[in-house]
Amino acid sequence: MPHLDPEQLSLLAMYEDWEDADGREHLSVCPECAADYAALRRTVDAVRTTPDTTSLSVPGPHVWAGIHRQLGLAEAVQADPLSGPGTKPAEAPGEAAPPNVAPFSPRRKAWWQRTGTWIAAAAAVVLVAAGGIWVSTRPAQPTQLAQAQLTPLAQYSATGSAKVVEAADGSRRLDVTLDKDEARGYQEVWLIAPDLSRLVSLGIMNSDSGSFEVPAGLQLADYPIVDVSDEPVDGNPAHSTVSIVRGTLTS
Numbered sequence: 001m002p003h004l005d006p007e008q009l010s011l012l013a014m015y016e017d018w019e020d021a022d023g024r025e026h027l028s029v030c031p032e033c034a035a036d037y038a039a040l041r042r043t044v045d046a047v048r049t050t051p052d053t054t055s056l057s058v059p060g061p062h063v064w065a066g067i068h069r070q071l072g073l074a075e076a077v078q079a080d081p082l083s084g085p086g087t088k089p090a091e092a093p094g095e096a097a098p099p100n101v102a103p104f105s106p107r108r109k110a111w112w113q114r115t116g117t118w119i120a121a122a123a124a125v126v127l128v129a130a131g132g133i134w135v136s137t138r139p140a141q142p143t144q145l146a147q148a149q150l151t152p153l154a155q156y157s158a159t160g161s162a163k164v165v166e167a168a169d170g171s172r173r174l175d176v177t178l179d180k181d182e183a184r185g186y187q188e189v190w191l192i193a194p195d196l197s198r199l200v201s202l203g204i205m206n207s208d209s210g211s212f213e214v215p216a217g218l219q220l221a222d223y224p225i226v227d228v229s230d231e232p233v234d235g236n237p238a239h240s241t242v243s244i245v246r247g248t249l250t251s
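Residue numbers for the sequence shown follow UniProt numbering, beginning at 1 and rising by one.
1) Identify whether Thr143 lies in helix, strand or coil by the three-state DSSP scheme.
2) Name the DSSP beta bridge partners of Asp234, please?
3) Just list the residues that DSSP pairs Tyr186 with in beta bridges.
4) Quick one, which of His3, Trp18, Gly210, Asp45 has its alpha-carbon nearest Leu178's?
5) May I ask you to report which of helix, strand or coil DSSP gives Ala148?
6) What whole-angstrom Cβ distance do Pro142 and Val245 have, given they're in contact under 8 Å?
7) Give the straight-line distance between the Cα atoms of Phe104 and Pro81, rounded to the nearest whole angstrom.
8) Going by beta carbon distance, what residues of the same chain come within less than 7 Å of Gly185, once the five residues before and after it are set aside?
9) Residues bridged to Leu178 by DSSP?
10) Buried or exposed: where does Ser28 fall if 16 or more other Cβ atoms within 10 Å of its Cβ makes it buried?
11) Suppose the cutoff is 6 Å on Cβ atoms and the five residues either side in sequence are ignored; what does the same chain contact list for Leu11 look like?
12) Tell me whether the beta-carbon of Asp222 lies closer than 8 Å to the beta-carbon of Trp190.
13) Please classify Asp36: is it buried, with 16 or more other beta-carbons within 10 angstroms of its beta-carbon, or exposed?
14) I believe Asp181 touches Gln187 by the beta-carbon criterion, under 8 Å. Please report the beta-carbon distance rounded to the nearest angstrom.
15) What residue from Asn206, Pro2, Gln149, Gly60 has the CA that sits closest to Glu25's CA?
16) CB Ser243 to CB Ala146, shorter than 8 Å?
17) Under the rule that 16 or more other beta-carbon atoms within 10 Å means buried, what is residue 257, buried or exposed?
18) Where does Gln8 land, buried or exposed, given buried means 16+ other C-beta within 10 angstroms?
19) Quick check on this structure: which residue in Tyr15, His62, Asn206 has the alpha carbon closest to the alpha carbon of Thr43?
20) Check Ser28 in the structure and name its three-state DSSP category.
21) Please list, in chain order, all residues of the same chain as Lys163 whose beta carbon is under 6 Å from its beta carbon, the five residues on each side excluded.
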């Protein structure tokens with residue numbers, strides 16, 4: 001099952017009303033993505049929590065005076081924004097008093113003074129950072145190389161599918177799924193050459209699905225047929241010649 005990408009998870013975590021029905025449905029059936037989503041939601045909730053500022057002291061006017069002087073700001077914003085209207089910045093030692101200016105009148109708050117804006121911005125930054133860490137630490141997802149639809153043979157009616165996936169380390173596996181187990185003996189999974197002259201057993205499937213390691217060096221083009229056989233318990237390792245389902249892998 002393919003997992004949600006970091007962008008989808010971040011949007012779902014940041015916006016509870018984000019319209020992504022498929023993504024939310026995936027979260028209900030994928031424990032791994034649900035765990036990542038829950039971690040991101042905790043980050044968002046923590047950032048959105050209004051900090052307790054009751055114990056913080058307000059810096060004096062000299063702090064803004066220094067900022068104003070170092071940044072070379074305009075005279076219109078000379079007054080300390082944390083003080084009342086008309087308050088002028090404190091003079092630095094040894095400096096002449098600045099010329100009189102008109103009383104400061106309250107203006108619309110800048111974006112950095114609006115609580116909702118900086119909280120949203122902080123949440124976005126935290127989510128981007130968390131998403132980057134999550135991507136770098138989460139194992140790479142397998143790549144699908146080929147797939148096949150499995151159809152019944154002879155007196156059987158089971159159907160299913162098969163796919164070959166490659167892991168990050170280069171190893172490959174064949175995933176087989178049937179809608180039922182119809183074996184009278186037991187099911188064995190094979191890869192077979194197009195002319196049916198050569199075959200490789202991948203293992204026994206004890207239920208209606210299973211995953212099997214594909215031998216290193218085996219070329220899928222040489223063995224593209226997926227076969228699930230009905231094998232009697234007779235100690236003979238050869239194919240019984242009785243196949244339940246069969247299909248050809250295509251990329």
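Note that the Cβ used here is the ideal one computed from N, Cα and C, for glycine as well.
Reading off the structure:
1) strand
2) Asp234 is not bridged to any residue.
3) Glu231
4) Gly210
5) strand
6) No, Pro142 and Val245 are not in contact; Cβ-Cβ is about 23 Å, not under 8 Å.
7) Here Phe104 scores only 44 on pLDDT, less than 50, and its place in the model should not be relied on; the value that follows carries that caveat. Those two C-alpha atoms are separated by around 9 Å.
8) Asp230, Glu231, Pro232, Val233
9) Gly160
10) exposed
11) Trp18
12) no
13) buried
14) 6 Å
15) Pro2
16) no
17) Only positions 1 to 251 of the chain appear in the structure, and residue 257 is not among them; the question remains open.
18) buried
19) Tyr15
20) helix
21) Gln144, Gln147, Asp175
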